[in-house]
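In our numbering, the protein residues as written are 6 to 626.
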């Protein structure tokens, strides 16, 4: 039995269409072309503009044709009064010039400071965003809801996201991903820095914010949708709670000192985030005319008012300090979703390394899988921007050497320069060289003996930045937590230099200052935050007072906690002294090699230690 052309066929076609739409929303791929609601809206607006243009052009042309047909053609020329009195024309021109001279600056003061980017203006695409799979998937889902907003509302009864917050450290790709989404969406991208809203004139900041959102609404209605991006949104959306301070003469009473200007800017931003459905001037005029007519009509025969057209807008805010934003801005209906941008994992860094090395000149050695895996390991803590910059600096080192391709040595040199600093030639005295070499060798030996899972990268007595010498070491594997044993080992490594000086010279100099600070911070965290020193009391739970205090200040300000910190430090130093006293030969071997070469890198450090251990075994036999 055939059902072609019947009701059943129609039902099947409609259900298939709806299923297709829903599948597109959950597929994880971007909705494109005619499947997007933004495309159909843009096409309707284009046809509407053509109709209006037709009416605007045809009406005067019809009038001119009517005058010609009736024998009363239009004569063009300068009015007789102006022709006979040119001074009138000059006076009018001067008045117009003065009005423009005065009015243009005033008009520009309240203009939107955004930069408009068309899809064709950006070369960034979603394929260029690598190393952040989960973040990109969440952003794609948000973009699809934006592109299929009407389908999502009509078929599922949902409301598309109006605002999304990109939060994360600098250089993690927030702006990059926003530009990629705008280019993939095929809609205009209005980019603005939050600081450009600020003005020295009262009320101008609010005017600029209103102008920006007004342009967003107009662009969205004209193009079917628009994406607005506010860089460093915390500059205009800081929390309105203010700074608490104690009132003079009344202890324990606090008051809030709120900036009226900041409060007003935040309030304006909150209002504008709710203005996407605001009717246009034409809609308000038509609605007013309908209301006027309905006053003269009976209740049952009144004209229906057309619902205002909603603007399909997605506002993306980017910030490095999401905790500073006003809580009202983060509620649903404003910024509906917060997407975190973290530093890439090891697998993410590997994707980023592959992406950039495919675009930069390098030797075939860097195409080896083991080399790229090694690059991913040594770039722990690097953001995508930092990885790109690392390769750019490596190319600079290659050019200095007269080559047009970077190699592994160039990458390593660039890494040390970026992390440690440029070498600064300093003429040490012989005594200083020996002291610094002994100090750094003490660090290295302790790290070698107690630093399980640590990798020795650089051991140097060359001055870089503020350091006269240094030991650079890192995790062999990516870690997110630490045990008590590992924290104690970190403290012991910090005491290695000071203890080595005391063993070999009888006293320590001023070099261990930074080491002691590092050890104290770790010990204070063990006592006051991690519950690793015999108490479960957390100093992190202490409410902030009139003066903001860190965990170290809170712990050291308590007598019992301070004594616990001192016990941890004293015990660690005693263990390090015993350890180095037993392994003096290792310290001496590294010291002598440093005095000869000034700097040891990676396996060179281990080679010296292994030779010293082998020599010890030979002596013991």
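For glycine and all other residues, C-beta sits at the position ideal for the given N, C-alpha and C.
By the Cβ neighbour-count rule, residue 539 is exposed, with fewer than 16 other Cβ atoms within 10 Å of its own.
In this structure, the alpha-carbon of residue 102 lies about 38 Å from that of residue 52. In the three-state DSSP reduction, residue 394 falls in the helix class (H, G or I). Rounded to whole angstroms, the separation of the alpha carbons of residue 147 and residue 599 is 56 Å. Between the alpha carbons of residue 397 and residue 389 lies a gap of roughly 13 Å.
C-alpha of residue 97 to C-alpha of residue 195: approximately 39 Å in a straight line. Residue 570 and residue 174 have their C-alpha atoms roughly 32 Å apart.
Spatial neighbours of residue 144 in its own chain (CB-CB distance under 7 Å, excluding positions within 5 residues in sequence) are listed in chain order as 182, 186, 344. The three-state secondary structure of residue 241, taken from DSSP, is coil. In this structure, residue 166 places its C-beta atom within 8 Å of the C-beta atom of residue 150.
With fewer than three CB-CB distances shorter than 8 Å, the region 541 to 548 does not count as touching the region 581 to 591. In the DSSP assignment, residue 345 forms a beta bridge with 172.
Taken in chain order, the unbroken stretches of beta strand (DSSP E) that lie wholly in the region 156 to 212 and span 3 residues or more are 168 to 172, 194 to 198. When beta bridges are read from the DSSP output, residue 235 appears opposite 197, 322. Two segments are said to touch when three or more pairs of C-beta atoms, one from each, lie closer than 8 Å; by this definition the region 483 to 495 does not touch the region 429 to 438.
The region 217 to 233 makes contact with the region 273 to 282, as at least three CB pairs between them are under 8 Å. As computed with DSSP, residue 460 is found in a beta bridge with 479. Of the residues 335, 333, 451, 315, the one whose Cα lies closest to the Cα of residue 595 is 451. The beta carbon of residue 341 sits closer than 8 Å to the beta carbons of 166, 167, 168, 169 from its chain, once the five residues preceding and following it are set aside; these are given in chain order. Taking the Cβ atoms as the reference, residue 270 lies roughly 6 Å from residue 211, within the contact range of under 8 Å.
Rounded to the nearest angstrom, the Cβ distance from residue 395 to residue 420 is 6 Å, consistent with a contact under 8 Å.
In the displayed model, residue 444 falls within a helix according to three-state DSSP. The closest CA to that of residue 514, considering only 498, 441, 541, 493, is found on 441. A distance below 8 Å between beta-carbons, with the five flanking residues on each side excluded, links residue 213 to the following residues of its chain, in chain order: 115, 116, 117, 118, 201, 202, 204.
Counting the other Cβ atoms within 10 Å of the Cβ of residue 469 gives 16 or more, which makes it buried. In the displayed model, residue 547 falls within coil according to three-state DSSP, outside both helix and strand. Assigned with DSSP and collapsed to three states, residue 605 falls in strand.
When secondary structure is reduced to three states using DSSP, residue 578 falls in the helix class.
Counting along the chain, residue 120 sits inside the beta strand (DSSP E) bounded by residues 120 to 122.
The alpha-carbon separation between residue 351 and residue 454 amounts to approximately 26 Å.
Taking a 10 Å sphere around the C-beta of residue 80, we find fewer than 16 other C-beta atoms and assign the residue as exposed.
Sequence-distant Cβ neighbours of residue 530 in its own chain, meaning closer than 7 Å and more than five residues away, are 556.
For residue 298, the enclosing alpha helix (DSSP H) has its first and last residue at 286 to 299.
Burial state of residue 77 is exposed, judged by a 10 Å Cβ sphere holding fewer than 16 other Cβ atoms.
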